[in-house]
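Heads up, the thing below is written out as C-alpha coordinates.
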Amino acid sequence: MAARRWPVRVVRRCLRPVWQGLVACGGVYLAGESTRTAAQRPPLLLGPPAGHPERLRPDVPLTALERALLEEWQRAG
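For this note's numbering, count along the sequence shown from 1 and bump the result up by 4.
Shown next as C-alpha coordinates:
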(Lines of atoms letter the chains of each structure in order from A and count residues from 1; the text may use other names and numbers.)
(Lines give C-alpha, C1' and ligand atoms only; values in the text may rest on other atoms or scores of the structure.)
Protein backbone atom coordinates (compact mmCIF):
# COMPACT_ATOMS: atom_id res chain seq x y z
CA MET A 1 0.00 0.00 0.00
CA ALA A 2 2.88 2.38 0.75
CA ALA A 3 4.30 1.64 -2.69
CA ARG A 4 1.20 3.12 -4.29
CA ARG A 5 1.50 6.40 -2.41
CA TRP A 6 4.99 7.39 -3.54
CA PRO A 7 3.83 8.87 -6.89
CA VAL A 8 1.32 11.03 -5.07
CA ARG A 9 3.98 12.24 -2.68
CA VAL A 10 6.40 13.00 -5.50
CA VAL A 11 3.79 14.93 -7.46
CA ARG A 12 2.73 16.89 -4.38
CA ARG A 13 6.33 17.65 -3.50
CA CYS A 14 7.02 18.91 -7.02
CA LEU A 15 3.80 20.81 -7.56
CA ARG A 16 3.59 22.57 -4.20
CA PRO A 17 6.48 25.00 -4.94
CA VAL A 18 5.10 25.64 -8.42
CA TRP A 19 1.67 26.42 -6.96
CA GLN A 20 3.13 28.66 -4.27
CA GLY A 21 5.13 30.51 -6.92
CA LEU A 22 2.05 31.07 -9.04
CA VAL A 23 0.13 32.35 -6.03
CA ALA A 24 2.97 34.76 -5.20
CA CYS A 25 3.15 36.02 -8.81
CA GLY A 26 -0.60 36.50 -8.87
CA GLY A 27 -0.47 38.47 -5.64
CA VAL A 28 2.22 40.76 -7.00
CA TYR A 29 0.35 41.19 -10.27
CA LEU A 30 -2.93 42.05 -8.56
CA ALA A 31 -1.25 44.45 -6.13
CA GLY A 32 0.31 46.29 -9.05
CA GLU A 33 -2.95 46.43 -10.95
CA SER A 34 -4.92 47.75 -7.99
CA THR A 35 -2.46 50.58 -7.37
CA ARG A 36 -2.38 51.46 -11.05
CA THR A 37 -6.16 51.61 -11.34
CA ALA A 38 -6.42 53.61 -8.11
CA ALA A 39 -4.11 56.22 -9.63
CA GLN A 40 -6.22 56.41 -12.80
CA ARG A 41 -9.59 56.93 -11.10
CA PRO A 42 -11.29 60.17 -12.06
CA PRO A 43 -12.08 62.73 -9.36
CA LEU A 44 -15.41 62.44 -7.58
CA LEU A 45 -18.22 63.33 -9.94
CA LEU A 46 -20.61 66.01 -8.75
CA GLY A 47 -23.62 64.75 -10.68
CA PRO A 48 -24.74 62.60 -13.55
CA PRO A 49 -22.81 62.96 -16.81
CA ALA A 50 -24.13 64.79 -19.84
CA GLY A 51 -26.76 62.76 -21.64
CA HIS A 52 -27.96 61.07 -18.46
CA PRO A 53 -31.78 61.10 -18.12
CA GLU A 54 -31.55 63.30 -15.03
CA ARG A 55 -29.63 65.88 -17.05
CA LEU A 56 -31.98 65.67 -20.02
CA ARG A 57 -35.19 66.23 -18.03
CA PRO A 58 -34.53 68.34 -14.93
CA ASP A 59 -38.25 69.17 -14.73
CA VAL A 60 -39.20 65.51 -14.09
CA PRO A 61 -38.91 64.57 -10.41
CA LEU A 62 -36.84 61.58 -9.37
CA THR A 63 -38.53 58.27 -8.69
CA ALA A 64 -38.38 56.75 -5.21
CA LEU A 65 -35.61 54.40 -6.30
CA GLU A 66 -33.61 57.22 -7.86
CA ARG A 67 -33.97 59.31 -4.69
CA ALA A 68 -32.80 56.38 -2.55
CA LEU A 69 -29.81 55.80 -4.82
CA LEU A 70 -28.94 59.50 -4.76
CA GLU A 71 -29.07 59.59 -0.96
CA GLU A 72 -26.90 56.47 -0.74
CA TRP A 73 -24.41 57.95 -3.20
CA GLN A 74 -24.25 61.21 -1.25
CA ARG A 75 -23.65 59.36 2.03
CA ALA A 76 -20.85 57.31 0.46
CA GLY A 77 -19.18 60.31 -1.13
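Backbone N, C-alpha and C fix where the C-beta goes; we use that ideal spot for every residue, glycine too.
Quiz item: What is the DSSP secondary structure of Arg61, counted as helix, strand or coil?
Solution: coil
Exercise. Using the Cα positions of Cys29 and Arg8, report the straight-line distance between them to the nearest angstrom.
Key: 33 Å
Quiz item: Any idea what DSSP makes of Leu73, helix, strand or coil?
Solution: helix
Quiz item: To the nearest angstrom, how far is it from the Cα of Ala72 to the Cα of Arg61?
Solution: 19 Å
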